[in-house]
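In what follows, a single structure is set out as structure tokens and then discussed.
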Amino acid sequence: MTADEVIALLDLSPGATCGFVRLTYVAGERIAPGGLPAPFEGGRPMGSALYFLVTPQAPVQLHRIFNHQLYHYYLGDPLDVLLMREDGGIERVVVGPDLAAGQRVQLYIPGGTFHTARLLAGGRWFLGASTEWPGVEPEDVELGEEEALVARFPAAAAEIRSFPVPLAPQAGPVVLPPTGARST
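Just so we're aligned: 13 in full-length UniProt numbering is position 13 of the sequence shown, and the numbers increase by one with no gaps anywhere.
Structure, rendered in structure tokens:
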């Protein structure tokens, strides 16, 4: 199967932060305003989920989501993920099917962690999903600025710069697909 076939079969669209995406679920239940700490004090859906497909030409852009995320591997080639944690820690993780080689089929990304990802050398495409809690709303997503992150994580400067050039940061929140409840 090709990336284009997967994109068509799953009705994926170009994503603001990662390759091609489709929002598949937003909980109909909401956590009430005041029920969560900052930056979620205005309330959020209980959870959300989306498919994402990465290709060499459409990597995961340098960004962070303030919500906790869990990446899930579904099909395709392994994904090389660089995590830059709020506590200053850096980690590289490969999400993919080869458990014996140390790849993971799930990856927890704590809220507020800047991250970027690309296929391992020679990879054609990666299909995965991200589930988030609380559910993501547009103001929960921030594109990263490469030089600001190099300054914050100088020991990882070469690694950060080795990933695809990120999109230029936008003023204001990243626009995501509508958050109407939908499941597949």
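For every residue, glycine included, the Cβ atom is placed at its ideal position computed from N, Cα and C.
From a predicted model like this one, the values you see are computed outputs, not experimental measurements.
Cβ of residue i less than 8 Å from any chain B Cβ?
{"i": "Ala129", "result": "Absent from the structure: chain B. Only one protein chain is present."}
Determine the contact status of residue i and residue j, defining contact as a CB-CB distance below 8 Å.
{"i": "Leu62", "j": "Glu146", "result": "yes"}
{"i": "Leu82", "j": "Thr116", "result": "yes"}
{"i": "Val136", "j": "Ser13", "result": "no"}
{"i": "Met46", "j": "Ile65", "result": "no"}
{"i": "Phe52", "j": "Gly102", "result": "no"}
{"i": "Gly76", "j": "Arg22", "result": "no"}
{"i": "residue 185", "j": "Leu70", "result": "Because the chain in this structure spans residues 1 to 184, residue 185 falls outside the shown range and cannot be described."}
{"i": "Ala58", "j": "Phe114", "result": "no"}
{"i": "Gly112", "j": "Glu139", "result": "no"}
{"i": "Thr24", "j": "Val141", "result": "no"}
In the structure shown, what three-state DSSP assignment does residue i receive?
{"i": "Glu142", "result": "strand"}
{"i": "Pro110", "result": "coil"}
{"i": "Ala117", "result": "strand"}
{"i": "Val105", "result": "coil"}
{"i": "Glu147", "result": "helix"}
{"i": "Arg22", "result": "strand"}
{"i": "Pro14", "result": "strand"}
Taking the alpha helix (DSSP H) that residue i belongs to, which residues open and close that run?
{"i": "Val6", "result": "3–10"}
{"i": "residue 185", "result": "The displayed coordinates of the chain run from 1 to 184. Any statement about residue 185 would go beyond what the structure contains."}
Which residues bound the beta strand (DSSP E) around residue i?
{"i": "Trp133", "result": "126–133"}
Below 8 Å CB to CB, which residues in the same chain sit around residue i once its five sequence neighbours on both sides are set aside?
{"i": "residue 190", "result": "The structure shown does not extend to residue 190, since the chain spans only 1 to 184, so no value can be given for it."}
{"i": "Val105", "result": "His72, Tyr73, Val95, Gly96, Pro97, Leu99"}
Identify, in the order they occur along the chain, each residue of the same chain with its Cβ nearer than 7 Å to the Cβ of residue i, setting aside the five sequence neighbours on each side.
{"i": "Glu41", "result": "Pro33, Gly34"}
{"i": "Gly144", "result": "Leu62, His63, Arg64, Phe114, Pro166"}
Can you find the residues in the same chain that come closer than 6 Å, C-beta to C-beta, to residue i, ignoring five residues on each side of it along the sequence?
{"i": "Ala156", "result": "Ile90"}
{"i": "Met1", "result": "none"}
{"i": "Leu120", "result": "Pro78, Asp80"}
Suppose only complete runs of 3+ residues qualify. What are the beta strand (DSSP E) ranges in the stretch 37–102, listed by chain order? 48–54, 60–65, 68–76, 79–84, 90–95
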